[in-house]
Structures are given as structure tokens and as C-alpha cells.
Amino acid sequence: MKQSSLSLLTLLALAVAQPSLAAEAATAPPASSYVHGDFGPPRGDPIKAFLTEPPKVPAPTYRNYPAKVIVELEVIEKELPISEGVTYTFWTFGGTVPGRFIRVRQGDTVEFHLKNNPNNKMPHNIDLHGVTGPGGGAASSFTAPGHESQFTFKALNQGIYVYHCATAPVGMHVGNGMYGLILIEPPEGLAPVDHEYYVMQGDFYTTGKYREKGLQPFDMEKAIDEKPTYVLFNGAEGSLTGDKALTAKTNETVRIFIGNGGPNLVSSFHVIGEIFDRVQQEGGTKIQENVQTTLIPAGGAAIVEFHTEVPGSYVLVDHSIFRAFNKGALAILKVDGPPDKTIYSGKEVDSVYLGDRSAPNLAAVTQATKAAAAGKLTKEDQIKAGQQLFAGTCSVCHQANGAGLPGVFPPLAKSSLIAAEPKRPIDIVLHGLTGKVNVNGQDYNSVMPPMTQLNDDEIANILTFVLNNWGNPGGRVEAEEVAKVRAEAAKPAAPAH
Amino acid sequence: MLALFATPSFAADYVALPGGTFASVLPADEKSADAVVLPFRLRSEPVTNAEYLAFVTQHPEWRRERVARVFAEARYLAHWQADLVLGGNAPPTQPVTQVSWFAAQAYCESEGARLPLWNEWEFAAAADATRSDARSDPLWREAMLSWYAKPSGTPLPGIGGAANVYGLRDMQGLVWEWVDDFNALLVASDSRDQNDPDRLKFCGAGALNLRDRENYAVLMRVAMLSSLKAADTTINLGFRCAKPAQ
């Protein structure tokens, strides 16, 4: 197209002219930051906006004049992973959740092209919160599959704004991932930083449970009840962890454009181990400083900035914390560089602390912990430690002599269940046991809760003690075995022998 | 070869529907009044590629290479191999898609029929295998939604899904379908009513009119239809025809 070749030239020209333009921008008289930025008609050749996939952010405009900017955004409906082994049919602006990041300058005239991919099922539109006009553009951009709509707006207000699809049912379009951010730079530009990142939170509603495998359909009931299955940064569990983690070096400044697509939840955005030096709360012009957690409304965004001092992994969370650890709202910023012990020492002391349980009757536990740490744990250590732990946790129900209570708590002594499957108790301790079970010829039908408060060493020791007492078959349970079972899902209650 | 393709593998049966008062997702008075559907007959299956090929063979003005652009956009029948050849991307029993409203209307006229009204289509689609109105059943809704959730990158299957209580097939789960009044679904009957005529176009507006939670699955069809112009085509938009009661 003619326009794109034109704009390529413009881009090249800009790239060459960048430093001088930046200098001009810096010396330009600062515009009042809260009056509307109508700086007159667009000047120069039209510029094709370069949009980025999350977590990338386009380079600054480096412009000191209002231009005509052409934005082309394509709606794509596609199946993508939402978690390990779980997929979801996302509706996207540009093929990703969140959609492509758009960056323009206050006063720019934006010619917006919304394309609806021919393979899509649904009509879509776009409501940009940075647009002044009916529906934020939605009224002019309703587009059938295989069609394209065009509308033009002047970016009057600076700031970071959410855009989203607003076709009925709006909640479903947003819930399927149809949102993103548009940055309208102030005329003088943003202060330079070392890294700019694009992160957006969203809540997702699937008919299956959290991490239930396979293609998961959208669940309207859960969405109306505001009970999300997933709360995610950038549309998938693991989208910003491991190899995909955000990165920085020590002694750098990081700016995150953090948005919240919703559709329902408000985010308590926090970076574990960092303090935001500057926050443009709600994306507005007022700067708040020294912020620990900032609230991002659904359909809102903020700009947060902080300086990195200490290397390590910093975890981005929604500090409504069950969402982070049980629904996926986790991302990592990995900071590399030399440690600075004057700011953060790292671990200085690691000693055993067992509180008032430690003396005298848990001496054997202390001994076992030390032996395990030294890699010299014997079966005898385990039995002794297990005996003491059993007395604390297990004997209340199963009795100190392992006999249980007939008809209520199954016996562990000479247990037919243990004899048949010596390792099954690992699963029972970790995941509990509900329902009918037959031990030594008697039926028990009751509930044992999961004992997940015990760590792997403790469970290994307790079970090794049980296996080697009261006429049970002997043997040994290793902490590694417990760890393995802990990672597995609870097994269904099956009647035993 | 041509003759073989042109022979419809399903006869164009029309089944009788009783009509009645009906709680449409788009209330007759924009608030809550039931729609009145007169008795009518509806084609049991969507029109297929083979049937449409027979139509354009007899009506050259609707062939891909000859159709007036004002009646059908450039993608009209673009998935056919040639003017009068279906080819591998358009199996004979597959519902015909990439047809404009004008073309669909012309086809129906050739069968002595017309396109159904939205309320007629909605009335017919509310049924499942055993009930005339299954819309409160979550399974009915899920059947509709699960199709929406599948992007249409893969070829459409042929017609011949399970029949509903009237003997209609493929009312859901195969294609979008043109209706006669597709572009009138959003126009307020009385401008003094101040009901926003843009209600399905943007934020939250569609929800104003939701009579119950289940409606949204049907409303998405309305939204789809209202995004179209009469010359538009899409790769999963087909049609079936209606006739007055006998």
C-alpha cells in the first residue's frame, strides 16, 4: 500500500533524526498537563504506528509535533494455552492477550483501522478509553468477520488507557481477552528509563476447575457470579515466568505499564521485594511516591516505576493473594547483577528453631533434622523422631498404642491396609481419607483431614515409625517419596481388603 | 459431473411450525412484550452448495463472475473453485456460505419462498429434540455457545445434524443464518422511546435488554446479524428459506 511505504520512509527519517528531535522535545515549552491537548492539525507525513506484543512496549515517539498516526489492529479468535495442558478460545486484539500496545503522542490524530479476521465467528468493535467520543470509538467500529472499519480521533488527553471490545455481551468479549493498552505520551515525552514493560491482569471463567486439562469453554454463570477460575497476568499461567520472565540488571530503572482488563476483579498490584518509587495512579498525571501496593481498577491502568538494587527474582502479584497462588496471578522480574550486602544481606544465619516443642521430648526430631541435613539420616533416627511426632499429631485419634478406636478410628497396629499397601499411608496422610475403608475386618466410614501441615521429613519419619512397630511389615519411607505423592492429586477413596 | 453436483442429496423439505406468542430476546415493544409468530413453514436444512450451484446454473446473474457488486461483495462464493465448479473447499452437502442477503433472498424466491423473519427463526431455534422451547435448559445454551467458541479455521461439516421437535436440522452449531429483517433488529420503533438504537454496538448497552441470563447466547446472533450489510458475506454465514403456512 502507498501509505505503508510512506510511513516506512517516515520511520526511517525519524530514526535518523531521533537524537535532535529528542533534544527539541526536551527544550519544548512544557504544556499544561491537564488541559486538552489539541495542538492543531497533524503535521508531516502520516506515520504507521508500530504496535508490540506484550510484554514489549513500543519505543517513544520522539516527536515534538502532532502527527497523523495510522493504527491497524486485527481481531483474531484463537485457541491458546491458558495453563499447562489447558487451552481456551481467546478473542484477541492482534493474536495475544492483552492485545497489541499502542503508543502515540498527545495531540496526535489517530486513524484507526479495526480488522476482523475472516475466520472469526463474531462481530467485534473497540472502545478506547483514550478516545473522546461516543462509545470511545465503539459506535464507529462495529465490524463483521472479514471486514474492516475505520475511524479517526484526536488524542486529547495524555495518559495510559485501556482499550477493549464492547460488543454484546461485553463481559464475555472482555472475559475472552479482548483488551489492551494505549499510551498517549505527554508532549514532552516520558522520562527515559532502562526498561519498559507491558503487563495486564485479567480474570477468566472456565467451566472446568483451575488447571483442569483440555480445551475449557467460557462459563457465563461463573462470570456473572464473579468467581474466576483463573486470575492471570498476560493471559496465561507462566506467560511471564521461567524463560519468559521480565528481566533487568541491578541499578536500573524499570517502568511497568500495568493494566487491568477485568472483566470483574480489581487488582491489588504489588511486586514482592520492591517498592514503587513513582506511581501514576489510575494512569493519571499526579505522581504518588513510595508505594507498596497500588490498586488497578477493572478497565483501568497505572504506570509504576522503581529502581533495582538487589539481584534476585521479584514476584509480581495481585496481593489479593489467593489469586496469586491458587489462580495464577504471578509473574517474575529477574534482576541480575552483583549483590549489594549493605542494602540486603541475604541469609546470614540458618539455625534450627523448634520453639518450646523442642525440649525435651522432641530431641530425637532435632537429631533427625540435623542428620537429614548432613545426609546421614538412618532408619533408627527416623523411627525415634517419628515416635515423638506420632505422639503429638496422630495419637489423638489412632491412640498411642496404634490400636485406634473400634468403629471410629481405624487401627494402625497389625493393620491389614498397611500390610497390603505399605506405601498407601503416605497418600492418606497427605490427602486425607474420606468414606468407607475396611481395616482388619471392620468397616470404618469417617473423615481424616489431610495433614499437609507436616513437612516431607516429618511424614517420612512418622510412617517409618508406624511401619516398624505394632506388628507392621517394616521398611522405610523417604522424604522424597512423600514429596512425590504430595505433588499428585488425591486418590479416590477405595474400599480396602 | 455438473449434473451430479447439482442434484441435491437432501430434498428441500419445508416443515410446518405452529407459531404463537413467544418471548423474543428483542421484545416487540422494546421492553417486555411477547412477539407474535404466525404459523409458517421453514426449510428443514440450510441451503447446500449443491443446491446453490443448481440455482446459479439456472440464474446466471447470480454467478460469481457476473453478480453485480452492489448485490454481493468481492468474497461472494470465493471458496468455490470456479463459477460453476464447487471444488474441494466446497463439498456439495456443506451449507452454502459467503452469500449475501440479496443472493439468499433471490435463491429463496426461486423456491417460491422468502427468508424467515428473525422472530420466526428464533422461534424455530428455541426448540430441542423434545421441546418447542428449550431455552431455559443449560444444555441448549451450551450447544449454542460451544459453536461460538470454535474459530472457523476448519472446513464446515455437511448438513444433517439431529432434528429438533419440528424436524428442523442444524438450527445451531453449523452456520450463522441470514434473516429477512437482519438490519431492522436494532431500530427503535418509536424514537420518543429514547431506547438507544446503538444498544448492541457498545459498552454494556446490550445488557439493558436482557430478559434473563440465558438470552445472551441468542443475542450474540443478533449482534452478528446487525454487524452486516446486505451485500456482505462471511465464511460461516448461510441461510434457509421460509414459506407461509399451507
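Protein sequence lines correspond, in order, to chains A and B. Quick note on numbering: the first sequence equals residues 59 to 555 in my numbering. Quick note on numbering: the second sequence equals residues 97 to 342 in my numbering. C-beta: ideal position from N, C-alpha, C; glycine also.
In the DSSP annotation of this structure, residue 331 of chain B is not part of any beta strand (DSSP E), being labelled neither H nor E. Neighbours of residue 249 of chain B in chain A, taken as residues at a C-beta separation under 8 Å, are given in chain order as 177. By alpha-carbon distance to residue 502 of chain A, the top candidate from A:525, A:470, A:477 and A:488 is A:470. According to the DSSP assignment, residue 371 of chain A belongs to the beta strand (DSSP E) that extends over 370-376. For residue 216 of chain B, the enclosing alpha helix (DSSP H) covers residues 214-221. Taking 8 Å as the Cβ-Cβ cut-off, the stretch 265-291 of chain A approaches chain B at 275, 276, 278, 279 and 282, given in chain order. For residue 119 of chain B, there is no enclosing beta strand (DSSP E), as DSSP marks it with neither H nor E. In terms of Cα proximity to residue 177 of chain B, the closest of B:220, B:167 and B:188 is B:188. The Cβ-Cβ distance between residue 378 of chain A and residue 353 of chain A does not fall below 8 Å. Looking at the backbone, the Cα of residue 246 of chain A and that of residue 199 of chain A are separated by about 31 Å.
The alpha helix (DSSP H) runs lying completely inside the stretch 231-261 of chain B and spanning 4 residues or more are 234-244, given in chain order. Chain-ordered listing is empty here: chain A has no CB closer than 8 Å to the CB of residue 279 of chain B, the nearest sitting near 12 Å.
Restricting attention to A:238, A:446, A:216 and A:529, the CA atom closest to the CA of residue 185 of chain A is found in A:238. The beta carbon of residue 135 of chain A falls within 8 Å of a beta carbon belonging to chain B, placing the residue at that interface.
The Cβ atoms of residue 306 of chain A and residue 391 of chain A sit closer than 8 Å to each other.
In the structure shown, residue 317 of chain A adopts extended strand secondary structure according to DSSP, grouped into three states. Straight across, the Cα-Cα distance linking residue 140 of chain A with residue 546 of chain A is about 21 Å. In this chain, the alpha helix (DSSP H) harbouring residue 316 of chain B covers 311-322.
By the Cβ neighbour-count rule, residue 164 of chain B is exposed, with fewer than 16 other Cβ atoms within 10 Å of its own. The C-beta of residue 162 of chain B has fewer than 16 other C-beta atoms within 10 Å across all chains shown, which makes the residue exposed. Secondary structure note for residue 476 of chain A: its alpha helix (DSSP H) is the uninterrupted segment 474-478.
Looking only at A:274, A:355 and A:455, the smallest Cα-Cα distance to residue 504 of chain A is reached by A:455. Taking 8 Å as the threshold, the shortest C-beta distance from residue 110 of chain A to chain B does not fall below it.
Taking 8 Å as the cut-off, the Cβ atoms of residue 199 of chain B and residue 168 of chain B count as close.
Counting only Cβ-Cβ distances below 7 Å, residue 190 of chain A has no contacts in chain B at all, with the closest Cβ about 15 Å away. Between residue 251 of chain A and residue 316 of chain A, the gap from beta carbon to beta carbon reaches 8 Å or more. Contact of residue 245 of chain B with chain A by beta-carbon distance below 7 Å involves 147, 275 and 276.
DSSP places residue 149 of chain B in the uninterrupted alpha helix (DSSP H) bounded by 145-154. As computed with DSSP, residue 182 of chain A is found in a beta bridge with A:201. Counting C-beta pairs closer than 8 Å gives three or more between the stretch 316-336 of chain B and the stretch 261-274 of chain B, which meets the contact rule.
Residue-level contact by beta carbon holds for residue 204 of chain A and chain B, with a gap shorter than 8 Å. Residues of the stretch 498-515 of chain A with a C-beta atom less than 9 Å from some C-beta of chain B do not occur. Closest by C-alpha distance to residue 174 of chain A, out of A:156, A:506, A:386 and A:152, is A:152. Against chain A, the beta carbon of residue 193 of chain B has no neighbour under 8 Å; the closest one sits roughly 11 Å away. Secondary structure at residue 170 of chain A: strand, using DSSP grouped into helix, strand and coil.
Rounded to the nearest angstrom, the gap between the Cα atoms of residue 439 of chain A and residue 519 of chain A is 8 Å.
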